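Protein chains in written order, with the numbering used here: chain A, 1 to 259; chain B, 1 to 259.
What follows is the structure in structure tokens.
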């Protein structure tokens, strides 16, 4: 069993140290309540709407930002997934780091960039799997638009992921409302896995966010959810045994015919 | 623009002529209200729960059952999609026929069979596309469990299908409720197409059905839905222009990176 904490977070565009301080506070709060993992949104360290500032704030996975995340992880004995802007030579990726104390970080780079804003700022990665082990579970990472493509979730599930965490920056509006209200639960159900979808709170310099962070279980039910766009720290316990009947009755991964 | 009519139908197990008579009445009613297409459930001609009777009732696509469907189609000037048991030499397929007057029928054979009941009765087909043209639209066909796999819907959408019709036999229960309440709308949204999901009414000799037939639009909204398991003839107008903003803002088929 794993307890996860999802930080629906109000990030400050361009202020990495303030955003890291916010994550540090959440890590303390989450660890106090027994969480094994804290999840922060897409580009939580720079702010999603930081625009042109993002290129200059981008750092390698061996840079000071990830080292600071590791220190927060170690001090509070909690693993952390958080979005950051990753520099690799001339490329900037929209990435998420999984850190667990001193261990080498695992980095996932977003493969499906949404719209002109992201495409102007980032290089898309070839779709691929980032899967780590935590508390006896296989955890996969996607970012925002990636999870809207069933192919990305399926690929991770077929590779053994039992929970997929998704830092996101979902804007307010009809499409955002639909994605939060329907799609996350279907991604969980159609793969019989857990999906934790963690959004920004309120708004930043450029975007108004939907909030509506949520954690869906294999049977499609929600085991944690925000119904607004305020800041929240949501908790959920990840226990596959509770959903054994659903996993048995909906054997999608076994019944899928690959073509 | 195309008007479709979905017949949430109480089939009688093993009584093909009674079930064809029910479809004939619905074809008259649907045509009177201006529908171009009538959709009946999975195995509507034999009844879904007809069990061992299905093998002896199964006919080829050139048999009397499909000829009768064609006659109903011609007499009422309405195309029809209906599920039937199809015999091809020693094989019995869980199939759906698209008939439009005297034209040769188009036949789709279910590729993903659900559970021991179906696997004992039918041969699964290799996943493939059955797409027909009607009223200027490309219409694809899937059957029941097929639509629960996003791969099958995506394959049709990438091949150009703009509406997918799904005769089904969804049982009552928590999984059925979830599929009806969430998944059909997500299949429409994630491909920006229409999905018409047409279930049996009430129960038959073996199964209790969820009803809950529904037609979802590209933006994920429902344009027709039953909220119970009684018999209904549901109507919806299929007009892609109304959903142009959603199709523009959610360009999943264009943005998908094939791997």
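The C-beta atom is built at its ideal place from N, Cα and C for all residues, glycine as well.
Please read these numbers as outputs of a predicted model, since none were measured by experiment.
Interface flag for residue 199/B against chain A is unset, since no Cβ pair is found closer than 7 angstroms. For residue 97/A, the three-state secondary structure derived from DSSP is strand. Along the region 163–228 of chain A, the beta strand (DSSP E) occurs as fully enclosed runs of 3 or more residues at 163–167, 194–198, 214–216 and 222–225, listed in sequence order. By the rule that beta-carbons nearer than 7 angstroms mark a contact, residue 259/A touches chain B. Between the region 160–171 of chain B and the region 170–180 of chain A there are fewer than three inter-stretch CB-CB distances shorter than 8 angstroms, so the stretches are not counted as touching. Flagged as an interface residue toward chain A: residue 256/B, by a C-beta distance shorter than 7 angstroms. Contact check for residue 109/A against residue 93/A passes: the beta carbons are separated by less than 7 angstroms. The C-beta distance from residue 57/A to residue 35/A rounds to 28 angstroms, too long to fall under 8 angstroms, and the pair is not in contact. Taking every protein chain shown into account, the CB of residue 204/A has 16 or more other CB atoms within 10 angstroms, so this residue is buried.
Annotation: the continuous beta strand (DSSP E) that includes residue 8/B extends over 2–8. According to the DSSP secondary-structure assignment, residue 232/A is paired through a beta bridge with 8/A. Taking a Cβ-Cβ threshold of 7 angstroms, none of the residues of chain A is close to residue 171/B; the smallest such distance is about 10 angstroms. Below 8 angstroms, enough C-beta pairs join the region 241–257 of chain A and the region 213–228 of chain A to call them touching: three or more.
For the pair of segments examined, the region 145–153 of chain A was found not to touch the region 95–102 of chain A: the number of CB pairs separated by less than 8 angstroms stays below three. Contacts with chain B at 7 angstroms (Cβ-Cβ) do not include residue 56/A. Taking 7 angstroms as the cut-off, the Cβ atoms of residue 106/A and residue 132/A count as close.
At least 7 angstroms separates the beta-carbon of residue 6/B from that of residue 212/B. Put simply, the backbone Cα of residue 50/B is about 10 angstroms away from that of residue 11/B. Distance from the CA atom of residue 30/A to the CA atom of residue 255/B, rounded to whole angstroms, is 36 angstroms. Under DSSP, residue 91/B forms a beta bridge with 88/B. Bounds of the beta strand (DSSP E) holding residue 139/B are 137–141.
Boundaries cannot be given for residue 147/A, as no beta strand (DSSP E) includes it and DSSP labels it neither H nor E.
Listed along the chain, the chain B residues whose CB falls inside 8 angstroms of the CB of residue 207/A amount to none; the nearest CB is some 14 angstroms away. Following the DSSP letters along the chain, one finds residue 117/A inside the alpha helix (DSSP H) bounded by residues 115–121. The contact set of residue 186/B on chain A, defined by CB atoms closer than 7 angstroms, consists of 182, 183 and 186 in chain order. Residue 231/A is positioned such that its CB atom lies no closer than 7 angstroms to that of residue 144/A. Chain A has a Cβ within less than 7 angstroms of the Cβ of residue 149/B.
In chain order, 189, 219, 220, 246, 249 and 250 make up the part of chain B whose C-beta sits under 9 angstroms from the C-beta of residue 175/A. When 9 angstroms is used as the limit between beta carbons, residue 229/A is near no residue of chain B, the shortest such separation being about 20 angstroms. No residue range can be given for residue 240/A, since it is assigned to no beta strand (DSSP E) and is classified by DSSP as neither H nor E. Nearest C-alpha to residue 14/B among 176/B, 79/B and 206/B: 206/B.
Looking only at 95/B, 224/B and 76/B, the smallest Cα-Cα distance to residue 65/B is reached by 95/B. Excluding sequence positions up to five before and after residue 129/B, its CB lies within less than 8 angstroms of the CB of 140, 155, 156, 159 and 161, all in the same chain and listed in chain order.
At least one C-beta of chain A is nearer than 7 angstroms to the C-beta of residue 178/B. Scanning 135/A, 192/A and 208/A for the CA closest to the CA of residue 9/A turns up 208/A.
Sequence-distant partners of residue 22/A (beyond 5 residues in either direction) whose C-beta falls short of 7 angstroms from its own C-beta, in its chain, are 9.
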